[in-house]
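See structure below.
2 protein chains.
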Amino acid sequence: MGLSDVVTGPRNEEGIAAAVGVLKQRFGDRLNTGHSIREQHAHTTTYLPSQLPDAVVYPETADEVRDIVRVCADHKVPIIPFGAGTSLEGHINAPNGGICIDTVGMNRILKVNAEDLDCVVEPGVTREDLNVYLRDTGLFFPIDPGANASIGGMTSTRASGTNAVRYGTMKDNVLSMTVVTADGREITTGTRARKSSAGYDLTRLFVGSEGTLGVITSVTLRLFGIPQSITAGVCPFPTVDDAVNAVIMTIQMGIPIARIELLDTLMMKATNAYAGLNYPEGPALFVEFHGTDNYAAEQAELFGEIAAEYGSSEFIWATEQEERNKLWKARHDAYWAGMQLRPGAEGVATDVCVPISRLGECIMATQEDAAEAGIIAPIVGHVGDGNFHVALLIDRESEKEIADAEAFIARLNERALSMEGTCTGEHGVGQGKKTALIHELDGCIEPMRQIKRALDPDNIMNPGKIFSLT
Amino acid sequence: MGLSDVVTGPRNEEGIAAAVGVLKQRFGDRLNTGHSIREQHAHTTTYLPSQLPDAVVYPETADEVRDIVRVCADHKVPIIPFGAGTSLEGHINAPNGGICIDTVGMNRILKVNAEDLDCVVEPGVTREDLNVYLRDTGLFFPIDPGANASIGGMTSTRASGTNAVRYGTMKDNVLSMTVVTADGREITTGTRARKSSAGYDLTRLFVGSEGTLGVITSVTLRLFGIPQSITAGVCPFPTVDDAVNAVIMTIQMGIPIARIELLDTLMMKATNAYAGLNYPEGPALFVEFHGTDNYAAEQAELFGEIAAEYGSSEFIWATEQEERNKLWKARHDAYWAGMQLRPGAEGVATDVCVPISRLGECIMATQEDAAEAGIIAPIVGHVGDGNFHVALLIDRESEKEIADAEAFIARLNERALSMEGTCTGEHGVGQGKKTALIHELDGCIEPMRQIKRALDPDNIMNPGKIFSLT
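Chains as they are written, first to last, in my numbering: chain A, 3 to 472; chain B, 3 to 472.
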């Protein structure tokens, strides 16, 4: 589990040297072997130790990606695709060394088909850049994992975030993509049709495959009209259980709430302190409603009735965009806010997702576990989906604290599985959850490996991830 | 294309005889080798010629399915899973012979988790049976392909239908499934969590794989609350273009219309005659709105404004359930109604799906093509998704008419592809669209075959479908 899943694989020294040489000739300054650059490309927000690639190359076109893959394939050298480096489970580590493909230079928005509500973007486009670009069209791309992740990375990890309860995850919002596979061919996995029954759903296979099957060179995304009305607010509850029961009722009643985020007492305290706010310091739901003026108001009213039923005494509205931005910034900064609860500590972020009926039980058992283990572990969650995050605040220099954190995470994973949930709702498996994945989908590991071997027989695509092929 | 894709593969006579013998001993009367039963299991609503299995076996449990698969795997004998036999592209033909697994006896609803809005069913449960069972819970399963298909079959073909514009397709509504793979193991592809980033999305890989990767033994489905208010109506338009423009505007405005179905003039005439109705005999949209009382009314009002803008002069409401049932029965009977346009003829149903901005152009070009080709071909469509069906009324005894129909369908497929659409929005590939699939996703055929070979090296799972492995 975790650290023990970060193994170092066999290095093909000769192949790596040859590939770096060829690529250096081809890409010149756009291939970098400096230690600090390589370090940056392996060191992300994860607590897992860095495993550096041997070089970082910066392609600017799909053709260049294809050239890089072909060189690496010829020399059987690992390829690690890199977006914005915001993944959390060691996805971009290079356990066997190899070439990191940084897509930052592939950041063009290739096409917006406003009337079809879709667009085609390169993988290095970030979600914030896309939404800035789209603003004048009246459209937006709703998936919001918090970090300003790249579309390629979000696709690779099957990201979701605060809006998923209403708009779905990357699985639901990628119509098609182009991918350079391990044999150096660029394939297109679908069309712009909204739905299709045309053969195996390779689009969905590549979504969430964490770079282990190919390098994404473009993504066709669904877009949505910016709602006429957006209202948001913060709703404090007496207990986590009350808050979660309000969530369950909201979902069961089919209220199409756009965001419904839980912050526990610890996280609310941290958020108030970090963002200079003065929300009540107990569990709270941050909510948002999208719709026509009438319908957004009706949803808010229905939700208000539910909240009152579960003991919420007030509803702190944020109707103006500026207030809403402040509210959601506070929510998105929860990770950083949480870190202030223990100055000097660093966060270990993890996530699980359970059927919503088990959510309250799962969160409370997790809080008790943290208290017993003596770990400061504030909780935030995309609770409309049954998904929540725990940020463990530890001293990453302390082996004991890392071991305690890993044991805690292992218990959390098992708790989620025992409730018919998953060990990761949105972060992905990477290196850190490989053991948990075996516990979760034991019978699927071999089929996944069979698919991997079929499509990438030399195991050059982001090796050492998901199912432990090193 | 079509007929030419229906090849007869090599028959493993010895293996088939051995497997039938073993299974006869094991299943007794539940294994049937009679010609008429075998004929029924290969002859569906497709125009493609039947290719009979050698035996039909009726398992009642997942363990029995596993036993059957193991026997067939041991003897390298093809397996053809069978649901309700409503597929349209030769999906259940047995080009190499083999054993048809009829899941009619696996029709138990294993669990309804009302508070999590999900349920677990066996593959032989039909969508109508499921909804009857659910009625008292206040929940429903929305996917409605018209025919009373089985959940296993709908999963296998990635079915959708009239409600997909609001509720998605099978891809969006299967949370997990259990499948017996070609090696005779039963695997579970996911959990009951609403979302997950736990490894390759095998659930989505199996959805739409048309039985070529395994036999489904249970499916976990999303459910939805029955809306407080359902209103429906018929809205005639001066031209198909006007109707389609109203659809485009409705989708672009984000009105979450539950159903929006186009019937062209020919189909409206047929429907009036068949169902004893007297709707205006021009192009029309059949629509339905779901929501709270206020919101369903608001949607209907907004749609009414759009329809008026595009020349619709009236809106024939059906607010009572009985009227609604009549309206949707008329829509669902369109295929049978269409057949009356040419007494004695049989229908060849086909479907394509294009980006919505191209829909009007695609439908009108298709109508012109039919007129020029002298084929009576009424059109109905799930137009909110850009998906439409053409029912070609032909004399199936006439080689010329079949050839004309196939040429027409080939042109239709190419037309859809040229508009960035797909050759099948919901029927699947089966045998009939194998050539079209190559035209559509050329680069994906080899990865699909690689996956197939990896998971089913002896090609026993529904051979001869999708990508022409025979």
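Don't be surprised by glycine CBs; every beta carbon is placed ideally from N, CA and C.
- Taking A:G313 as reference, the option from A:P357, A:C364, A:W319, A:N247 with the minimal CA-CA separation is A:N247.
- B:P282 and B:N133 have their C-alpha atoms some 32 Å from each other.
- Membership of A:M269 in the alpha helix (DSSP H) is indicated by the continuous run 267-277.
- Under the Cβ distance rule, B:I404 does not count among the residues neighbouring chain A, no pair being separated by less than 8 Å.
- Under the 10 Å beta carbon count, A:Q323 is surrounded by fewer than 16 other beta carbons and is classified as exposed.
- Here DSSP, grouped into helix, strand and coil, assigns A:P238 to strand.
- As DSSP reads the structure, B:K197 sits in no beta bridge.
- With 16 or more other Cβ atoms from the protein chains shown falling within 10 Å of its own Cβ, B:R360 counts as buried.
- For A:L443, a Cβ of chain B is located within less than 8 Å of the residue's own Cβ.
- By the criterion of a C-beta distance shorter than 7 Å, B:L141 is surrounded in its chain by A116, L119, L225, F226, G227, I228, once the five residues flanking it on both sides are discounted.
- At a cut-off of 8 Å, the C-beta of B:Y169 has no neighbouring C-beta in chain A.
- Under the 8 Å criterion on CB atoms, A:N165 is classed as non-interfacial with respect to chain B.
- Rounded to the nearest whole angstrom, the CA to CA distance from B:N95 to A:A260 is 45 Å.
- In the DSSP assignment, A:F305 falls outside any beta strand (DSSP E) and lies within the alpha helix (DSSP H) extending over 295-311.
- Look at A:M179: its C-beta is not under 8 Å from any C-beta on chain B.
- Not flagged as an interface residue toward chain B: A:P285, since no C-beta distance is shorter than 8 Å.
- Between the stretch 439-459 of chain A and the stretch 188-200 of chain B, the count of Cβ pairs shorter than 8 Å is three or higher; the stretches touch.
- For the pair A:A407 and A:C425, the CB atoms are not nearer than the 8 Å cut-off.
- Rounded to whole angstroms, the separation of the alpha carbons of A:G235 and A:L304 is 14 Å.
- A:R68 places its beta carbon 8 Å or farther from that of B:P357.
- For A:V431, the neighbours in chain B by C-beta distance under 8 Å run, in chain order, S199, A200, G201.
- Within the stretch 447-463 of chain B, P449, M450, Q452, I453, R455, A456, L457 place their CB atoms closer than 7 Å to a CB of chain A, listed in sequence order.
- Look at the stretch 154-196 of chain B and you find these whole runs of beta strand (DSSP E), each 3 residues long or longer: 176-183, 188-190.
- The CB of A:C355 comes closer than 8 Å to the CB of A195, R196, K197, S198 in chain B, given here in chain order.
- As a beta-bridge residue in DSSP terms, B:I101 pairs with B:A57, B:I81.
- Distance from the CA of A:R28 to the CA of A:I18, rounded to the nearest whole angstrom, comes to 15 Å.
- Going by DSSP, A:K435 is part of no beta strand (DSSP E) at all; its letter is neither H nor E.
- Taking 4 residues as the shortest admissible run, the stretch 396-420 of chain B contains the following complete alpha helix (DSSP H) segments, listed from N- to C-terminal end: 401-420.
- Within the DSSP secondary-structure output, B:S152 pairs in a beta bridge with B:T128.
- Not a single CB atom of chain A sits nearer than 8 Å to the CB of B:T368.
- Taken through DSSP and simplified to helix, strand or coil, B:C121 comes out as strand.
- Assignment of alpha helix (DSSP H) within the stretch 306-363 of chain A, counting only whole runs of 4 or more residues, yields 323-334, 336-341 in chain order.
- Secondary structure note for A:S220: its beta strand (DSSP E) is the uninterrupted segment 216-224.
- For A:F291, DSSP records a beta bridge to A:T233.
- A:L439 belongs to the set of residues whose beta carbon lies under 8 Å from a beta carbon in chain B.
- B:T139 carries a helical assignment under DSSP once its states are collapsed to helix, strand and coil.
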